């Protein structure tokens, strides 16, 4: 079986796809990628063929005027990238038996139709599919009544289809396909795999008919830690992890300063993963920072089990990694599904109440950290659930599904 993996998103969308590719390869299948230009090198380091899809998401997020907190800006970027995605996926899919998309991957379904091969959408949060149990990702409030969630989905679907229809149909016309009225609905009503831990993110009972669930797709990370990181983690007391992944902080310098102030206020050291916000470059040369180690990125599976708590943005990958490590979490959600994950962490007792990053202050964060570090119920709950979640990996079930589909 020849599988074309077409994730279009940040590390949280690409890394699970690499995990699936590794499982496919272990079963004797061919897995190759078409992915954001900024992710191609990482994919190739894992031994997979990868072609750039013509979009550098990191460059877009870092560009002047970027406003990822604005729904209008996000929608504009999505529409503007559809044409290069159509071209790249059409070129990369000539030999594919099945295409798997993830993230903001919309054109791939039309390309699969053109190639007459199955298409599967992979999502890493149940909030990406319609359900009365969960509001759409653009809604921050997670405690709405079921009827309101249902109404929001019913209203949002046609609006999304209207915004995307013209650009999608231009791409379809270049392939000789007839126009469609509901491009987003086409994805939701087709085969969907929700790859998320069932304790962290249970699958809604009223999900779309063709949506199935697997455990989260985990890329097993091997190798040795950077000696500097290893030595820093070996010192007592255990540090606090700070990292906001692929988020570009609009309050970059301020966020770096307030997170460090909060960690110091509770008497802890900090290991900072800079990510796309480049927090590491903002604090590395500051005087008196011997209680801080700032690096560009760290392997979560090797670092998080050795920290006292994790402060992060609430992405699917980081939330799952921290839960697997059995450590308390303090989530400062930035946008979209991060509010869902922040809510789930609070409901499950794995961390204190979340605080939107736009509102957080050093005093607020230090109070939340103090709770995460010293509330025995949170520590015990995180420690108890960690081994359960860490025992699961959904890639084998996903390969089974693809084998049956193709």
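In our numbering, the protein residues as written are 16 to 421. C-beta atoms are modelled at their ideal positions from N, C-alpha and C, and glycine is treated no differently. Keep in mind that this is a model prediction, so the values were computed, not measured.
DSSP three-state assignment for residue i, whether helix, strand or coil
i, result
"residue 45", "strand"
"residue 126", "helix"
"residue 228", "strand"
"residue 327", "strand"
"residue 286", "strand"
"residue 203", "helix"
"residue 313", "coil"
"residue 351", "coil"
"residue 193", "coil"
"residue 277", "helix"
"residue 17", "strand"
"residue 308", "strand"
"residue 403", "helix"
"residue 360", "helix"
"residue 208", "strand"
"residue 50", "strand"
"residue 154", "coil"
"residue 395", "helix"
Element boundaries [beta strand (DSSP E), containing residue i]
i, result
"residue 24", "Taken as a continuous stretch (DSSP letters only), residue 24 belongs to no beta strand (DSSP E), as it is neither H nor E."
"residue 257", "255 to 258"
"residue 138", "134 to 138"
"residue 116", "113 to 118"
"residue 344", "344 to 346"
Contacts around residue i, its chain only, beta-carbon distance under 7 Å, and the 5 residues preceding and following it disregarded
i, result
"residue 243", "308"
"residue 411", "38"
"residue 186", "97, 98, 101, 122 and 125"
"residue 83", "76, 89, 263 and 350"
"residue 275", "285, 298 and 307"
"residue 55", "65 and 67"
Unbroken alpha helix (DSSP H) run spanning residue i, endpoints
i, result
"residue 67", "No alpha helix (DSSP H) holds residue 67; the beta strand (DSSP E) holding it covers 65 to 67."
"residue 422", "This structure cannot settle anything about residue 422, because the visible part of the chain is limited to 16 through 421."
"residue 55", "55 to 60"
"residue 188", "161 to 189"
"residue 383", "377 to 389"
"residue 237", "Where residue 237 is concerned, there is no enclosing alpha helix (DSSP H), given that its DSSP letter is neither H nor E."
"residue 99", "97 to 107"
"residue 242", "242 to 249"
"residue 216", "It is not in any alpha helix (DSSP H) - residue 216 carries neither H nor E in the DSSP assignment."
"residue 370", "Neither: residue 370 is in no alpha helix (DSSP H) and is coded neither H nor E."
"residue 76", "72 to 77"
Cβ-based burial, residue i [other Cβ within 10 Å; buried from 16]
i, result
"residue 88", "exposed"
"residue 251", "exposed"
"residue 374", "exposed"
"residue 238", "exposed"
"residue 162", "exposed"
"residue 378", "exposed"
"residue 389", "exposed"
"residue 369", "buried"
"residue 339", "buried"
"residue 228", "buried"
"residue 281", "buried"
"residue 41", "exposed"
Heavy atom of the ligand NAD within 8 Å of residue i beta-carbon
i, result
"residue 309", "The model on display carries no ligand, and the ligand NAD is accordingly not part of it."
Residues near residue i by beta carbon distance below 8 Å, same chain, minus five either side
i, result
"residue 403", "214"
"residue 236", "314, 315, 316 and 317"
"residue 332", "26, 27, 30, 31, 139, 260 and 315"
"residue 192", "125, 128 and 129"
Residue i and residue j closer than 9 Å at C-beta
i, j, result
"residue 289", "residue 312", "yes"
"residue 345", "residue 326", "yes"
"residue 134", "residue 143", "no"
"residue 182", "residue 209", "no"
"residue 145", "residue 116", "no"
"residue 50", "residue 67", "yes"
"residue 329", "residue 354", "yes"
"residue 286", "residue 254", "yes"
"residue 204", "residue 195", "no"
"residue 294", "residue 257", "yes"
"residue 94", "residue 104", "no"
"residue 170", "residue 35", "no"
"residue 10", "residue 365", "Outside the shown range of the chain (16 to 421) lies residue 10, about which nothing can therefore be said."
"residue 107", "residue 23", "no"
"residue 231", "residue 211", "yes"
"residue 273", "residue 376", "yes"
"residue 21", "residue 63", "no"
"residue 198", "residue 220", "no"
"residue 167", "residue 150", "yes"
"residue 395", "residue 152", "no"
"residue 216", "residue 392", "no"
Sequence-distant residues of the same chain with beta carbon closer than 6 Å to residue i, five excluded per side
i, result
"residue 16", "44, 112 and 421"
"residue 380", "277"
"residue 202", "124 and 136"
"residue 334", "356"
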